[in-house]
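So the structure is just underneath, and the comments pick up after that.
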Amino acid sequence: MLVLENINSFYDKSHVLFDLSINVGEGELVSLLGRNGAGKSTTLLSIMGLVKNATGSVRYKGQEILGQATHKTAADGLCLVPEQRDIFQDLTVEENLKIAQQRNSPWSIADIYELFPRLQERRKNGGGQLSGGEQQMLALARALLNNPRVLLLDEPSEGLAPVIVKEIVEILKKIKQSGISILLVEQNLRVCEVLADRHYILEQGRLIYEAKREDFSSDEAETIKQKYLSV
Ligand SMILES: Nc1ncnc2c1ncn2[C@@H]1O[C@H](COP(=O)(O)OP(=O)(O)O)[C@@H](O)[C@H]1O
Ligand SMILES: [Mg+2]
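Residue numbers (my numbering): -15 to 215.
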């Protein structure tokens, strides 16, 4: 579905990703783990064409998309939910949803309220009045209304209380069940272990480990997690 091959990304002269090759299959949820600064966000930004200097190949359904305009990639069906969550603070929840809605999306606002009952409760509230968890839900909801085939999620659990993280995990399970492919960037190992079919670990811009779900609790995997993911 989504295949990255030998991606090298740079910010000016600073080389941040080194020959990164990863892929996400149809309907798969794949985690990309790594410490702060490992290059996780840069990977997502590179896919979306938001890193000016990125070389290599990103293929989506067999088509090369690296270097094409971001709006074209979004129209192709890839949607990034950035760490900053990008919601309109001065608009209500419902207004935020309405302006995200695409005519061809299979998701209606009613579907969204079914998936996110909290957003229905808060529909008249301003984006700026929402808690961190509610903002993350709104960002996910807005992404769904764009009718994505692939969701790129940048640390959806970041800064959220454990009980809210649980809610987000349940929502992500349902989104996965709907058939959308997901590349999940996280520092929260537990969230990835619960959700992902496969895992990648990045360290200083290099892929240092990959494992299927069933192999991610092997002794080898536990050693790697200790070494590269613990603080
Ligand atoms: N806009 C930028 N300009 C220059 N360097 C950046 C920029 N964004 C990130 N970096 C650097 O690139 C590296 C990878 O960052 P990032 O992809 O944000 O890591 P992560 O998301 O894994 O925390 C870090 O060393 C970071 O300081
Ligand atoms: Mg990041």
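Yeah, the Cβ is synthetic: ideal placement off N, Cα and C, and Gly gets one too.
Spatially closest choice to G61 from I(-9), K82, E154, L135, by CA coordinates:
Against the sequence shown, residue 61 aligns to sequence position 77. Out of I(-9), K82, E154, L135, L135 has the C-alpha closest to the C-alpha of G61.
Are three or more beta carbon pairs between the region 41 to 56 and the region 81 to 98 nearer than 8 angstroms?
no
Do you know offhand how far I155's Cα is from G110's?
Along the sequence shown, read from residue 1 onward, the residue named residue 155 stands at position 171. Along the sequence shown, read from residue 1 onward, the residue named residue 110 stands at position 126. Rounded to the nearest angstrom, the two C-alpha atoms are 22 angstroms apart.
Assuming the contact rule is C-beta atoms closer than 8 angstroms, T76 and R107 should be a hit. Round their C-beta distance to whole Å, please.
Position 92 of the sequence shown holds residue 76. Position 123 of the sequence shown holds residue 107. 7 angstroms between Cβ atoms; contact.
Supposed close pair S165, R133 - CB separation, criterion 8 angstroms:
Locating residue 165 in the sequence shown gives position 181, where the first residue counts as 1. Locating residue 133 in the sequence shown gives position 149, where the first residue counts as 1. The pair is a contact, with the Cβ atoms about 7 angstroms apart (cut-off 8 angstroms).
Under DSSP, the alpha helix (DSSP H) around T39 begins and ends at which residues?
By one-based count along the sequence shown, residue 39 stands at place 55. Taken as a continuous stretch (DSSP letters only), T39 belongs to no alpha helix (DSSP H), being part of the beta strand (DSSP E) at 37 to 44.
Which same chain residues, not among the five before or five after A195, have their C-beta less than 6 angstroms away from its C-beta?
Here the question's residue 195 lines up with position 211 in the sequence shown. Excluding residues within five positions, the ones whose Cβ falls inside 6 angstroms are H183, A205.
So, do the region 165 to 180 and the region 134 to 149 have three or more beta carbon pairs nearer to each other than 8 angstroms?
yes
Residues whose Cβ lies closer than 5 angstroms to any heavy atom of ligand 1, in chain order
Y(-5), V0, N20, G21, A22, G23, K24, S25, T26
Give the single residue among E67, Q73, S41, N20 whose Cα lies nearest to the Cα of Q113.
As a position in the sequence shown, residue 113 is number 129, starting the count at 1. If we check each option's Cα against that of Q113, Q73 comes out closest.
Alpha carbon of G11 to alpha carbon of Y(-5), nearest angstrom
Taking the first residue of the sequence shown as 1, we reach residue 11 at position 27. Taking the first residue of the sequence shown as 1, we reach residue -5 at position 11. Cα-Cα distance, rounded: 32 angstroms.
At a threshold of 8 angstroms, does D181 count as lining ligand 2 (C-beta to nearest heavy atom)?
Mapped onto the sequence shown, residue 181 falls at position 197. Result no, Cβ not under 8 angstroms from ligand 2.
Helix, strand or coil at N80 [DSSP, three-state]
One-based indexing of the sequence shown puts residue 80 at position 96. N80 falls in the helix class under three-state DSSP.
Taking the alpha carbon of V175 as the point to measure from, which residue in Q188, Q119, G40, K157 has its own alpha carbon closest?
Residue mapping note: residue 175 aligns to position 191 of the sequence shown, counting from 1. Among Q188, Q119, G40, K157, the Cα nearest to that of V175 is on K157.
Taking the runs of the beta strand (DSSP E) that are 3 residues or longer, which of them lie wholly in the region 153 to 215?
165 to 170, 182 to 187, 190 to 196
Could you tell me which whole alpha helix (DSSP H) segments of length 4 or greater appear in the region 11 to 40?
24 to 31
Based on the DSSP output, what are the partners of G110 in its beta bridges?
Numbered from its first residue, the sequence shown carries residue 110 at position 126. Answer by DSSP bridge pairing, in chain order: T76.
Are S201 and I148 close, meaning C-beta to C-beta below 9 angstroms?
What you label residue 201 is simply residue 217 of the sequence shown in a count that begins at 1. What you label residue 148 is simply residue 164 of the sequence shown in a count that begins at 1. No, the pair does not count as a contact, with Cβ atoms beyond the cut-off.
With DSSP as the reference, label L64 as helix, strand or coil.
Taking the sequence shown and counting its residues from 1, one reaches residue 64 at position 80. Strand, per DSSP.
With hydrogens ignored, establish whether the beta-carbon of V169 is closer than 8 angstroms to any heavy atom of ligand 2.
Here residue 169 refers to the residue found at position 185 when the sequence shown is read from its first residue. Under cutoff, so the answer is yes.
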